[in-house]
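Read the structure below first, then the notes.
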Amino acid sequence: MTTVRAPGVWKRSANLRVGFLYLLPSIILFAVFLFYPMIRTIYLSFFLTDQNGNAAVNVGFENYSYLLTSPAFLNSMKATGLFVLYTVPVGIILALFFALLANEKLKGIGFFRTMYSSTMGISVAASSVIWLFLFHPSVGVFNRILLVLDLPQIQWLLDPEWALISIAISTIWMNTGFSFLILLGGLQNIDEHLYESSRIDGAGYFYRLRRITIPMLSPTLFFIITISLINAFQTFGQIDILTKGGPSQSTNLIVYSIYREAFINYQFGTASAQAVILFVIILVVTLLQFKLLERKVHYQ
Amino acid sequence: MRDSTLKKVWIYFLLTVTSFLVFFPVLYAFMISFMSGPEILQGRFFPEAFNFDNYAKVFDRLPLLKYLLNSFIVSLTVMIGQLAVCSLAAYAFVFIPFKGREFVFFLFISTMMIPWEATMIPNFFTIQKIDWLNTYQGMSLPFFALAFGTFLLRQHFKTIPKELQEASQIAGLSRFAFFWKVILPVSKTSLVTLGAYGFLTTWNMYLWPLLITTNSSVRTVQIGLKQLQSQEMSTDWGVVMAGVIVVIIPTLLLLFIGQKQLQKGLSQGALK
C-alpha cells in the first residue's frame, strides 16, 4: 500500500500563484501610477525642488508651515470649502427631485430621463465653454434676463463676489446627470410592495417619501454624497476655462492652486505639500462619512 | 378619478419645465452654432437659417478631425484596457480563493481614497522620464486599473452560480478558458456598462491631457476646446459653439443609447 503524501508546497500554493497572476496587471499599475506617486508626493512635500521636480534641499515641515500662514493658500482653502457647501447639498437635492419625478410610471418618461441625464454626456470643457457664453456680460442669457426684468447687470465671472457662485451654478448643472442616474437607479431598486401596504393605510405622498423612500434610498444617497464631496474637492476644468482662479483669487480652488504652483511656478515642493493636504482632507471626509452615516444608513 | 388626473398633469408640467431648463444650455449652444455674429448680438433664440458655415470654419481653424481621432483612440484604448485589467482582477476576487486575498482587496479599496490629483506631479515626471509625453500610451496606460470597475464586475461575477465552475472543471476547461468562454460572455451587461463608463470618462478627461500634450500630435478634443475658446475669445461665438456641438455629439449619443444600461449598472456597482 502506498502512502498518500500531502500535496507539496508548490501544488498547495497553486491558487495563490494563479490568483496573483490575474491580479498582477492591476497591482503593477496601482503601484506605478498611484502608490509610488502618492509616496513620492509626500516625500517631495518636505523638500525644495529643482526645475525637473527632483528633491534639492530638505526643509522639513517648512513647506507646510509656509502654506498654513500664506494668505493665498488659506484663501484657496476657504474658497474650496465654500464651493463644497454651495455645490453638494443643492446638487443632490436637485438631482433627487428630478429622480423622484422621473421615477413616476408615465407615458414618455424615458424621454425625460434622457433629458435629465444628458449633462453626464457633456464634458467639463464643453460645459464650461457653454456657460462662459451664458455668463457673458453683454450677450449672455443671464444678463439679458436681468435686463428684461429691469434689474442691475451682474459681472458673473468678473466680480469677486459672484465668481465662485457662478462656478458653483455651472458645476451643479454639470453633475446633475450623474447624480440623477445613480439616484434613479436607487429608487428603482426599492421594493414596490412597501408602497402598496402604505397606500392601503392611506398614507400621503410626503409621508411615504419620508418614511419609505428616503430610508430605503439611504445607501444610494450615502454613496452619491461621498462621490459629490470628493468631486467637489477635485474641481479643475471649469476653473481653468471660466476664471483661471480669479478674480483676485476668489475661485482659486485647491486643485487649481496645486496645478499653478507646480506647472506654472515650478514650485513642486509646496505644490506637493498642497497635494498632501488635499489627500488628507479627502481621506478624513471619506472616513467621517463612513463613521457618521454607516449607523444611520438602512441596508436592505 | 379626477384626483389622479390632476396629479398626472401636475407631474407632466414639472417634468417638462425642469427637463427643459436642464437641457436649455445645450439646446441654446446648438442654436448659436448656426448663427452669425450679428444674430448673436441681437439675442435671438432661433437662427435665421440652419447653415453650416460655422462648422466649416471650426474645422478650418483647428485640426479638429485629428483631435477627434485622438480622442477616439485614447478613449477606446482606455476602455479596452480597463475591461481587460478589471475583469481579470474581479475574476480572481470571486473565483480563486487564496491566502492574502482579503489584504489585496483592502489595497484595492484604499486606492479609492487617493485623489488622482494628489499624484499628478510624480506621474507627470514618470511619463516624462520614460519619454511618453505626447504619446497615446502616456495618455491611456495610467488609467487601466480601476478599483470601481473591479468592484462593479466583481458584483456581477458573484451572482454566477459556483456550479458552473465545477462543471467546467469536470469538462476539462482550464481556468483561463473558463474565464474567457464562460464568465465573460455571461457578464456582457456589466462589461458594456463599464465599457461605456470608461469611454465617457476618458473622452471627457481634461487635466491629464492638458499636462502631457504639448503639441497637436495626440491632443484631444477637450484641449482643442480650450484652444478654440482662447483663440476666438468674444469674437466668434458661433464657431466656438459649433466646436462644442461636434465634441459633445459622440458622448451624448453614447449616453442616449446606453442610458438605461448605465443607470442600472452604475447603481449596482455603487451598492452592496
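Taken in sequence, the protein lines are chains E and X.
In terms of this note's numbering, the first sequence opens at residue 1 and continues consecutively.
In terms of this note's numbering, the second sequence opens at residue 1001 and continues consecutively.
Beta carbons are placed, not taken as given, at the ideal position from N, Cα and C, and that holds for glycine.
Where does residue 1246 of chain X land, buried or exposed, given buried means 16+ other C-beta within 10 angstroms? buried
Does residue 175 of chain E pass the burial test, meaning 16 or more other C-beta atoms within 10 Å, or should it be called exposed? buried
Buried or exposed for residue 1099 of chain X, please, with buried defined as at least 16 other CB atoms from any protein chain shown within 10 angstroms of its CB. exposed
May I have the straight-line CA-CA distance separating residue 1161 of chain X from residue 1218 of chain X, to the nearest angstrom? 44 Å
Please name the residue, chosen from E:160, E:291, E:272, E:82, that lies closest to residue 46 of chain E on a Cα-to-Cα basis. E:272
With a cut-off of 8 Å, does the C-beta of residue 115 of chain E fall near any C-beta of chain X? yes
Neighbouring residues, chain E, relative to residue 1123 of chain X (Cβ below 7 Å): 33, 37
Looking at chain E, is there any beta carbon in it that lies within less than 8 Å of the beta carbon of residue 1063 of chain X? no
State the start and end residues of the unbroken beta strand (DSSP E) segment that holds residue 58 of chain E. 55-58
Is the beta carbon of residue 233 of chain E sitting closer than 8 Å to the one on residue 256 of chain E? no
Run through DSSP, which three-state label would residue 119 of chain E get? helix
What are the uninterrupted segments assigned as alpha helix (DSSP H) that are 4 or more residues long and contained completely in the region 140-221 of chain E, given in chain order? 141-148, 163-188, 192-200, 205-208
Can you give me the Cβ contacts of residue 1057 of chain X inside the same chain, cut-off strictly under 6 Å, excluding the 5 residues immediately before and after it? 1239
Name, please, each residue of chain X whose Cβ falls closer than 8 Å to the Cβ of residue 176 of chain E. 1022
Contacts around residue 250 of chain E, its chain only, beta-carbon distance under 6 Å, and the 5 residues preceding and following it disregarded: 160, 163, 164
Using a Cβ distance threshold of 8 Å, determine whether the region 136-152 of chain E contacts the region 70-77 of chain E, with at least three qualifying pairs required. no
Cβ separation of residue 1153 of chain X and residue 1187 of chain X, assumed to be a contact under 8 Å, to the nearest whole Å: 7 Å
If you measure from the beta carbon of residue 84 of chain E to each beta carbon in chain X, is any gap under 8 Å? no
Is the separation between the beta-carbon of residue 304 of chain E and that of residue 243 of chain E shorter than 8 Å? A question about residue 304 of chain E goes unanswered here, because the residues of chain E that appear run from 1 up to 300.
Just to make sure I have the definition right: I need the residues of chain E whose C-beta is within less than 9 Å of the C-beta of residue 1222 of chain X. Which are they? 123, 124, 125, 126, 237
Taking beta-carbon pairs under 8 Å, can you tell me which members of the region 1026-1057 of chain X lie near chain E? 1026, 1028, 1029, 1032, 1040, 1041, 1043
Just list the alpha helix (DSSP H) runs in the region 29-55 of chain E, keeping only unbroken ones of 4 residues or longer that don't cross its boundaries, in chain order. 36-44
How about residue 212 of chain E and residue 198 of chain E: do their beta carbons lie closer than 8 Å? yes
Curious, which full-length alpha helix (DSSP H) runs of at least 4 residues does the region 1189-1222 of chain X contain? 1207-1212
Do residue 216 of chain E and residue 190 of chain E have their C-beta atoms closer together than 8 Å? yes
Quick check: what's the CA-CA separation for residue 32 of chain E versus residue 107 of chain E? 51 Å
In chain order, what residues of the same chain have a beta carbon less than 6 Å from the beta carbon of residue 1203 of chain X, not counting five sequence neighbours either side? 1071, 1075, 1251
If you draw a straight line from the alpha carbon of residue 284 of chain E to that of residue 1138 of chain X, how long is it in whole angstroms? 31 Å
Give a yes or no on whether 8 Å exceeds the smallest Cβ distance from residue 1010 of chain X to chain E. no
Please report the residue range of the alpha helix (DSSP H) in which residue 1162 of chain X lies. 1162-1170
Determine the burial state of residue 222 of chain E: buried for a count of at least 16 other Cβ atoms within 10 Å of its Cβ, exposed for fewer. buried
Between which two residues does the alpha helix (DSSP H) carrying residue 991 of chain X extend? With chain X covering 1001 to 1272 only, the question about residue 991 of chain X has no answer from this structure.
Interface residues of chain X around residue 144 of chain E at Cβ under 9 Å? 1043
Does any residue of chain X bring its CB to less than 8 Å from the CB of residue 206 of chain E? no
As a quick exercise: from X:1013, X:1222, X:1189, X:1122, pick the residue whose alpha carbon is nearest that of residue 1260 of chain X. X:1189
Relative to the C-alpha of residue 67 of chain E, which candidate in E:291, E:267, E:121, E:171 has its C-alpha closest? E:267
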